[in-house]
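Each position in the sequence shown, counted from 1, maps to that position plus 590 in our numbering.
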Amino acid sequence: MDAKSNDLMYLNSKPSDYQVERVDDEIEQVAREIFNEKPDLSWPTIKKYASTRLSTLFDLPIHHTDKKWYQLVNPVPALKSMSKSDYNFYFLGFFAWTVDSMDFFCVSVTAPYIAATLNVNTTQITWGLTLVLMFRSVGAFIFGLLADYYGRKWPYIIICLLFIIVEVGTGFVQTYAQFLGVRALFGILMGAMYPVASVTALENQPKRAQSVLSGLFLPGYSLGYIFAMVFFRAFQGTYREGEGWRSLFWFSAGLPLILIVWRLPFPESAVYLKIKESKKRMNGDIEKTGFSKVFDKSALMTIKTEWLMFIYLVLLLTGFNFTTHGSQDLYVTLLTKQYNVDSDYRTVIVVVSNLAGIVGGVVVGSFSEVFGRRLSIIICMIWCGAFLYPAFMHAKSQWWAYAMLNAGVMGAWGIAPIHLLELVNATHRAFLSGLVYQLGNLASSAASTIEARLGERFPLGDGIYDYGKVVCIFCGAVFAYMIFITIVGPERFHRDLEVHYLDEVPEEGSSSDMSSTNKA
591 MDAKSNDLMY LNSKPSDYQV ERVDDEIEQV AREIFNEKPD LSWPTIKKYA STRLSTLFDL
651 PIHHTDKKWY QLVNPVPALK SMSKSDYNFY FLGFFAWTVD SMDFFCVSVT APYIAATLNV
711 NTTQITWGLT LVLMFRSVGA FIFGLLADYY GRKWPYIIIC LLFIIVEVGT GFVQTYAQFL
771 GVRALFGILM GAMYPVASVT ALENQPKRAQ SVLSGLFLPG YSLGYIFAMV FFRAFQGTYR
831 EGEGWRSLFW FSAGLPLILI VWRLPFPESA VYLKIKESKK RMNGDIEKTG FSKVFDKSAL
891 MTIKTEWLMF IYLVLLLTGF NFTTHGSQDL YVTLLTKQYN VDSDYRTVIV VVSNLAGIVG
951 GVVVGSFSEV FGRRLSIIIC MIWCGAFLYP AFMHAKSQWW AYAMLNAGVM GAWGIAPIHL
1011 LELVNATHRA FLSGLVYQLG NLASSAASTI EARLGERFPL GDGIYDYGKV VCIFCGAVFA
1071 YMIFITIVGP ERFHRDLEVH YLDEVPEEGS SSDMSSTNKA
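The following block contains the structure:
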């Protein structure tokens, strides 16, 4: 008798073989929907997996449907398949992520003014950005678990409430130490928001709409940057001389309040309720002793089945984050110091490039319905490589090349949210997808420092360095790494994010009947 049957027999003093077998089968069916299989590391399995990396890469989704490519790419039918509830949950998640990103960039666009107010230099203020990156993993760990164990709704509301407090507090800081303190707290909240926002936005959606919605979701980060720049322009002359940045933070504190009021009247995610009920079925017959007093059985199952996938996804997301940090963090410095681009021209370049990123995310997200997740990411990396030289070696005269490169970077990123949700298990969906993203972010946080140090080896004059050459070489290496790590990884295209075994739990929104095409 296996372990599951022993657990059941402990509770039923004299069960019949039929009773044990029936309940055991039920648990196995539930487990298949909310967990991945335990990795098989036998040599024949490894050999077979390695030999199928290229063949599965070109086993395109379009080969498994009668539809033409333009029908798959067209987002209109997919968007029409969504209910009002689907739209509501999507935009709750999307705007939460956008507001989160705007709050992050409020420091980036106001750094010189904050530095002047607090009597420190701009470099010291950028430590506030570094602290955010360092603490994001903490937030993803804590609130990812909360979202998986207690639901999506209340962690969402709590995070928004804490955002209000932190952003108001940032507007009142009087010392550099206070500034660093509130930014560290903000880092925890920013890391907390991504997993909650992504599952809120995507897990309830029809399969046919998930690609285009994912394509728009993460480029909301770029929209947040644009909002930060635009609203700072509006508030720059308010409050005291040189302290308009305080007004910007106070204004940004009001946006999460809108999200709270918006989220409160709506119920918990229907998909989460099914997952919760599934976990109850698995844990209901287990005696609460030892480890299970603190964590339920699903935690042990996740550790056993997800450890290898977790390691791979951290490596993948490290590459993803290096594409953005490597191509973006030093770009404004490059424009200003190496190419002497004035502030107005620089603003236009940055805004247009971010808009290109948003478009790239939507377009590539839609085209992943034709090419799949992995091949779409690889195509984006090749696209980015084609624009590397003009984007950074002729940044002023050929700034359009950077816009095209950013479209490719954010195009690949547009696939990331749904790719993550399809790869991790349903039980700890928020925790796993959020934590690997933030750990990848942490691993890549030194990108700008690495580039700056390397740039010092290529001086062009007094205090001027050839950042363009360094960024070009660095990003080329990152894009090559992304191609490799994507090829060797798995794909589960159109994996069903819902739990269908428990039909008695009412669904909210709509779901698609499209069949799933899984690629190992």
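Ideal Cβ placement from N, Cα and C applies to all residues, glycine included.
Check                                                                                                                        : Outcome
Alpha-carbon to alpha-carbon, Leu1010 and Pro855                                                                             : 29 Å
Own chain residues within Cβ distance below 6 Å of Asp738, not counting five before or after                                 : His1018, Ala1020 and Phe1021
Bridge-paired residues (DSSP) for Tyr1055                                                                                    : Pro1049
Proximity to Ser673 [Cα-Cα], best of Met783, Arg742, Leu736 and Pro796                                                       : Pro796
Pro1007, DSSP secondary structure in three states                                                                            : helix
Own chain partners of Leu847 with C-beta closer than 8 Å, once the 5 adjacent residues on each side are dropped              : Cys750 and Ile754
Gln1028 burial status per 10 Å Cβ neighbour count (16 or more: buried)                                                       : buried
Integer Cβ distance of Arg798 from Gly718, believed to fall under 8 Å                                                        : About 42 Å; that fails the 8 Å criterion.
For Phe1074 and Thr635, the rounded distance between their alpha carbons                                                     : 20 Å
Residues near Phe881 by beta carbon distance below 6 Å, same chain, minus five either side                                   : Only weak support is given to the placement of Phe881: the predicted model assigns it a pLDDT of 47, under 50, and the value that follows is read from those uncertain coordinates. None.
Cβ pair Phe839, Ala1037 closer than 8 Å                                                                                      : no
Pick from Glu793, Val802, Val1061 and Tyr829 that is closest to Ala1002, judged by C-alpha positions                         : Val802
Straight-line gap, Met891 to Gln619 (C-alpha atoms, nearest Å)                                                               : 14 Å
Within the stretch 653-715, ranges of the beta strand (DSSP E) (whole runs, at least 3 residues)                             : none
Inter-residue CB distance, Ala782 and Ile732 (contact presumed, cutoff 8 Å)                                                  : 7 Å
Which listed residue (Ile652, Asp693, Cys1065 and Lys637) has its alpha carbon closest to that of Ala843                     : Asp693
Backbone CA spacing between Leu708 and Leu682 [nearest angstrom]                                                             : 36 Å
Pair within 8 Å by beta-carbon distance, Arg963 and Phe769                                                                   : no
Buried versus exposed, by CB contacts within 10 Å (16 or more), Lys870                                                       : exposed
Touching by the beta-carbon criterion (3+ pairs, under 8 Å), the stretch 961-978 and the stretch 660-672                     : no
Endpoints, the alpha helix (DSSP H) within which Leu770 is located                                                           : Tyr766 to Leu792
Between the CA atoms of Thr828 and Ala621 - distance to the nearest angstrom                                                 : 57 Å
Neighbourhood of Gln928 by C-beta, 8 Å cutoff - its chain only, sequence neighbours within 5 removed                         : Ala985, Leu1050, Ile1054, Tyr1055, Asp1056, Tyr1057 and Gly1058
Where Tyr811 falls, given that 16 or more other Cβ within 10 Å makes a residue buried                                        : buried
CB contact flag (Val1026, Val949, <8 Å)                                                                                      : no
Boundaries (first-last residue) of the alpha helix (DSSP H) holding Phe807                                                   : Lys797 to Phe807
Contact under 8 Å by Cβ, Val758 with Phe776                                                                                  : no
Cβ neighbour criterion (16 or more within 10 Å) applied to Gln800                                                            : buried
Rounded separation between Leu924 and Leu631 - CA only                                                                       : 46 Å
C-beta contact flag for Ala556 and Gly805 at 8 Å                                                                             : Outside the shown range of the chain, which is 591 to 1110, sits residue 556, and nothing can be said about it.
Cα-Cα separation between Ala1033 and Asp656, rounded to whole angstroms                                                      : 43 Å
Beta-carbon contacts of Met819 that lie in its chain and below 6 Å, excluding the five residues immediately before and after : Val699
Reference Val728, options Gly1024, Asp1086 and Met1072, closest by Cα                                                        : Gly1024
Environment of Asn944 [buried if 16+ CB atoms lie within 10 Å]                                                               : buried
Glu611 (DSSP reduced to helix, strand or coil)                                                                               : Reliability of the predicted coordinates at Glu611 is poor, the pLDDT of 46 falling under 50, and the value obtained from them is presented with this limitation in mind. Here Glu611 sits in helix by DSSP.
Cβ neighbours of Leu752 in the same chain (closer than 6 Å, five flanking residues each side left out)                       : Leu779
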